[in-house]
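J.:
In my numbering, the protein residues as written are 1 to 280.
(1) I need the DSSP call for residue 2, collapsed to helix, strand or coil.
(2) Mind checking which residues open and close the alpha helix (DSSP H) that includes residue 255?
(3) Counting C-beta neighbours from all protein chains within 10 Å, is the total for residue 142 16 or more, i.e. buried, or is it exposed?
(4) Give a yes or no on whether the minimum CB-CB distance between residue 48 and chain C is below 8 Å.
(5) Looking only at its own chain, which residues have a Cβ that is under 7 Å from the Cβ of residue 62, when we skip the five neighbours before and after it?
(6) Per DSSP, which one or two residues make a beta bridge with residue 133?
(7) Closest by CA to residue 149, which one among 39, 121, 179 and 183?
(8) Taking the straight line between their C-alpha atoms, what separation do you get for residue 124 and residue 212?
(9) Please confirm whether residue 24 and residue 57 have their CB atoms less than 8 Å apart.
(10) Considering only the alpha carbon of each residue, which of 81, 72, 220 and 104 lies closest to residue 65?
(11) In three-state terms, what does DSSP make of residue 31?
(12) Using alpha carbons as the reference points, say which of 14, 53 and 43 lies closest to residue 261.
(13) Nearest-angstrom Cα distance between residue 209 and residue 192?
(14) Three Cβ pairs or more, each shorter than 8 Å: is that satisfied between the segment 217-226 and the segment 245-252?
(15) Pick out whichever of 147, 39, 177 and 252 has its Cα sitting closest to the Cα of residue 223.
(16) Using three-state DSSP, classify residue 9 as helix, strand or coil.
(17) Is residue 122 near residue 42, with beta carbons less than 8 Å apart?
(18) Classify residue 138: buried if its beta carbon has 16 or more other beta carbons within 10 angstroms, exposed otherwise.
(19) Terminal residues of the continuous alpha helix (DSSP H) containing residue 69?
(20) Between the Cα of residue 11 and those of 55, 51, 77 and 39, spot the shortest distance and give me the residue it belongs to.
(21) Among 236, 27, 86 and 46, which one has its Cα closest to the Cα of residue 115?
(22) Taking its Cβ as the centre, do 16 or more other Cβ atoms sit within 10 Å of residue 167, making it buried, or is it exposed?
(23) Provide the residue span of the alpha helix (DSSP H) that contains residue 193, from first to last.
Here is the structure:
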């Protein structure tokens, strides 16, 4: 990291067990004492997005803004196993992260929800003190979509071995019998599956009063934002929510197996947060 960003790792008390927190502290805080808290994506996407978090933290520090990343229970370097995790606990872990930011002296909080993490951020938002805004990177509007994409990994892996890949319906049946399933090395419990599956922006929107910035990543200028996302955004606006929709040209970093960065997204996020144009 750049000299202006100081790394402060710590284990903090969570609802179930200790959570690993990484505080990327600027050399000098801005006047608002602002901290961006990451609500991470799901399973392997969480790991693929870490490079982007690092890049963002470096640039935030130059503006006196901190970045705080707390691994939810059962993920990353936090205590617990993935199979023990559940959706409600992850929501509480984001609230715990925000409380920790307050203990560190930050008076202004931005929640950055990445992919499925946008739903986590939206769910946690009403309980987050000093929340100024929510920022979504390529948000998933409901958990069922994320799970279907996740289960396709299991199906594709089986087909690659010339095996019967099964169907998402068969996997759900297995979970409904109380059994966990393994996908790409992650053991998913029935409780976690049901919690993620039920998560939807519609159930979290009403209590949110903070402005929302929704970033859609497009592969090229010829591409356009999915119609379903535009419909969601317009619905929120019709309900009186303050929401900015921005597009950014870049790679799908959350899908890439190798280190992949989308510098345009980072620059545009910084510009949006600070009002200061960024340059490559």
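By construction, the Cβ of each residue, glycine as well, lies at the ideal position given by its N, Cα and C atoms.
T.: In this structure, then:
(1) For residue 2, the predicted model reports a pLDDT of 48, less than 50, meaning its position is unreliable; a value from the coordinates is still stated below. Secondary structure of residue 2 (DSSP, three-state): coil.
(2) No alpha helix (DSSP H) holds residue 255; DSSP gives it neither H nor E.
(3) buried
(4) Any reference to chain C falls outside this structure, which holds one protein chain only.
(5) 4
(6) 110
(7) 183
(8) 14 Å
(9) Yes, the pair counts as a contact, with Cβ atoms nearer than the cut-off.
(10) 104
(11) Note: residue 31 maps to coil in three-state DSSP.
(12) The residue with the shortest Cα to Cα distance from residue 261 is 53.
(13) So the two alpha carbons sit approximately 28 Å from each other.
(14) Short answer: they touch.
(15) 252
(16) strand
(17) no
(18) buried
(19) Per DSSP, residue 69 belongs to no alpha helix (DSSP H); it is in the beta strand (DSSP E), 66-70.
(20) 77
(21) The candidate whose alpha carbon is nearest that of residue 115 is 46.
(22) It counts as exposed.
(23) Here the alpha helix (DSSP H) through residue 193 covers 190-198.
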